[in-house]
């Protein structure tokens, strides 16, 4: 049976409550100061791969949209990450975080050393958006509904527990606090407007579950590789390497 | 510089020596009898997803081949897995293994409960074969060079340590001992014949590395989810569920 708009929105929010990666133990470690400097670096390196993927995902989406108005509304997501004349963009802000934790930013940007499981998960997201219906593609972006809480929590936790954390190094997260709500308000309304049958509601809910899997799998891979008993897969970043000389 | 045929083959074999998943600790556990029944089941459920992917990967390859002779040579791979009038096929043999370890075969075949990281890795393989050059696609199949040794080792280890293991339940692996060498002899010759520049040799070597990553990531996900300290991701199979009643 097709759910009411309100019931369907509640169903989507429940997926976040049950499966969003704020519940992953790696985030507990990170936000409570229990990560070593190298564990923080491993997170920065691998999460960069996700950041690098997002504008490609958004371009894949726009390449399939026939309505100029929808493309126009979506375009700011690419600008937010890739930057504009006035805004350096989220990818550059993420590399500033890489600087702050002592990593060679060129190495991070090269995406060498990224865990294969991180690549597989992020690439699956791009392909999902390229191959599925527009409704499923928009629905998969709705993890942004749950992002502001984790970003606020992260800013507070990192500032409290790590020397590298300050307004400059954490600017990526601060900025997302204002960008994400704008994007997700649009995306949520679009999904609620277009998921007008049970079949479409089920597909949209499955798409959001898929996206929570993409996020969770990245933290599982990170935990497996870099938290004791650590098993770094062949080709993964080796702790202590690709660091910059830190000024005294 | 372009390597000689012999040097290039040695380079490919070295990738196996360094990165093939026979070196993963989960295989040590499995082959030496240190897996619990539920850990064996988790392996059977997740590896089924890989088995289910292989004929789709081979069809994706054939869909891009213009030479009837090459398609004809490749076709037996699909028959080996999907079966013919005379041969039940590898997928059916894998489900027989599922029966033997006490799993509901319909559940296994449904692919519910498969770890998201397993899906992402196997799906990445299909997409790789669909998107890359034919040379890279064939090169990615060359992990079969290293498979007979692990299959022989597995048959011996499972027979020695687990009650479920017998000729019938392990027929998948026995059969692969004769199928894989035929396929890989063809694939290796094809790659050596076609990788006639340094650029192509590098691409073929990278494709084989990619494939070792696909295999390794599956075992990492399995280890992370089901070996202490186990962290089963949302949606993953729960030990003790979906079992068949075992006759006394």
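Protein chains in written order, with UniProt numbering: chain A, 1 to 248; chain B, 1 to 248.
Idealized CB from N, CA, C, for every residue including glycine.
As the structure is a prediction and not an experimental result, all values here were calculated from the model.
Residues bridged to residue i [DSSP beta-bridge criterion]
i                     : result
residue 103 (chain B) : B:243
Neighbour list for residue i in chain A, Cβ cutoff strictly below 9 Å
i                     : result
residue 220 (chain B) : 115, 116, 117, 220, 221, 224, 225, 231, 233
residue 149 (chain B) : Simply none; closest approach about 18 Å.
residue 69 (chain B)  : Those do not exist, as residue 69 (chain B) stays about 31 Å from chain A at its closest Cβ, beyond 9 Å.
Partners in chain B for residue i, counting only beta-carbon separations shorter than 8 Å
i                    : result
residue 42 (chain A) : What residue 42 (chain A) touches in chain B: nothing, since even the nearest Cβ is about 14 Å away.
Contact set between residue i and chain B, taken where Cβ atoms lie within less than 9 Å
i                    : result
residue 59 (chain A) : None at all; the shortest Cβ gap to chain B is about 17 Å.
residue 73 (chain A) : Correct list: empty, because the minimum Cβ distance to chain B is about 29 Å.
Proximal chain A residues relative to residue i, where beta-carbon distance stays under 8 Å
i                     : result
residue 195 (chain B) : Those within 8 Å of residue 195 (chain B) in chain A number zero; the least Cβ separation is about 21 Å.
residue 185 (chain B) : Result: empty, since nearest Cβ-Cβ is about 26 Å, beyond 8 Å.
residue 152 (chain B) : Chain A residues near residue 152 (chain B): none, gap ~23 Å exceeds 8 Å.
Proximity test, Cβ basis, 8 Å: residue i and chain E
i                    : result
residue 85 (chain A) : The structure shown contains no chain E; its protein chains are A and B.
>> Between the stretch 71-87 of chain B and the stretch 3-16 of chain B, can you find at least three pairs of beta-carbon atoms closer than 8 Å?
In response: no
>> For the stretch 1-24 of chain B, list every residue whose C-beta sits within 9 Å of some C-beta in chain A, in sequence order.
In response: 18, 19, 23, 24
> Relative to chain B, which residues along the stretch 117-145 of chain A have a C-beta separation below 7 Å, given in chain order?
Replying inline: 117, 120, 121, 123, 124, 127
> Quick one, which residues of the stretch 200-215 of chain A are near chain B if we go by CB-CB under 9 Å, in chain order?
Replying inline: 209, 210, 212, 213, 214
> So, do the stretch 155-162 of chain B and the stretch 219-236 of chain B have three or more beta carbon pairs nearer to each other than 8 Å?
Replying inline: Segments in contact, no.
>> Any contact between the stretch 178-196 of chain B and the stretch 18-26 of chain B? By contact I mean 3 or more CB pairs, one from each, below 8 Å.
In response: no
> When the Cβ atoms of the stretch 203-211 of chain A are set against those of the stretch 28-36 of chain A, are three or more pairs found closer than 8 Å?
Replying inline: no
> Are there three or more Cβ pairs, one per stretch, closer than 8 Å when the stretch 143-157 of chain A is compared with the stretch 180-190 of chain A?
Replying inline: Yes, the stretch 143-157 of chain A is in contact with the stretch 180-190 of chain A.
>> Below 8 Å, how does it come out for the stretch 234-246 of chain A and the stretch 90-110 of chain A: are there three or more Cβ pairs, yes or no?
In response: yes
> Is the stretch 115-130 of chain B in contact with the stretch 212-220 of chain A, if contact means three or more CB pairs nearer than 8 Å?
Replying inline: yes
> Counting Cβ pairs closer than 8 Å, one from the stretch 76-85 of chain B and one from the stretch 81-100 of chain A, do we hit at least three?
Replying inline: no
>> So within the stretch 98-185 of chain B, which uninterrupted alpha helix (DSSP H) runs reach at least 4 residues, ignoring any that extend past its ends?
In response: Runs found: 105-110, 116-131, 134-140, 147-161.
> Is the stretch 52-60 of chain B touching the stretch 120-134 of chain B in the sense that three or more CB pairs, one from each, lie closer than 8 Å?
Replying inline: Touching, yes, given that three or more Cβ pairs across the two stretches are closer than 8 Å.
> Hey, which unbroken runs of the beta strand (DSSP E) at 3 residues or more fall wholly within the stretch 193-222 of chain B?
Replying inline: Correct list: empty.
>> Please list, in chain order, the residues of the stretch 159-180 of chain A that have any C-beta partner in chain B closer than 9 Å.
In response: none
>> Suppose only complete runs of 4+ residues qualify. What are the alpha helix (DSSP H) ranges in the stretch 39-91 of chain B, listed by chain order?
In response: 68-82
> In chain order, what residues of the stretch 95-116 of chain B put their CB closer than 7 Å to some CB of chain A?
Replying inline: So the close ones are 116.
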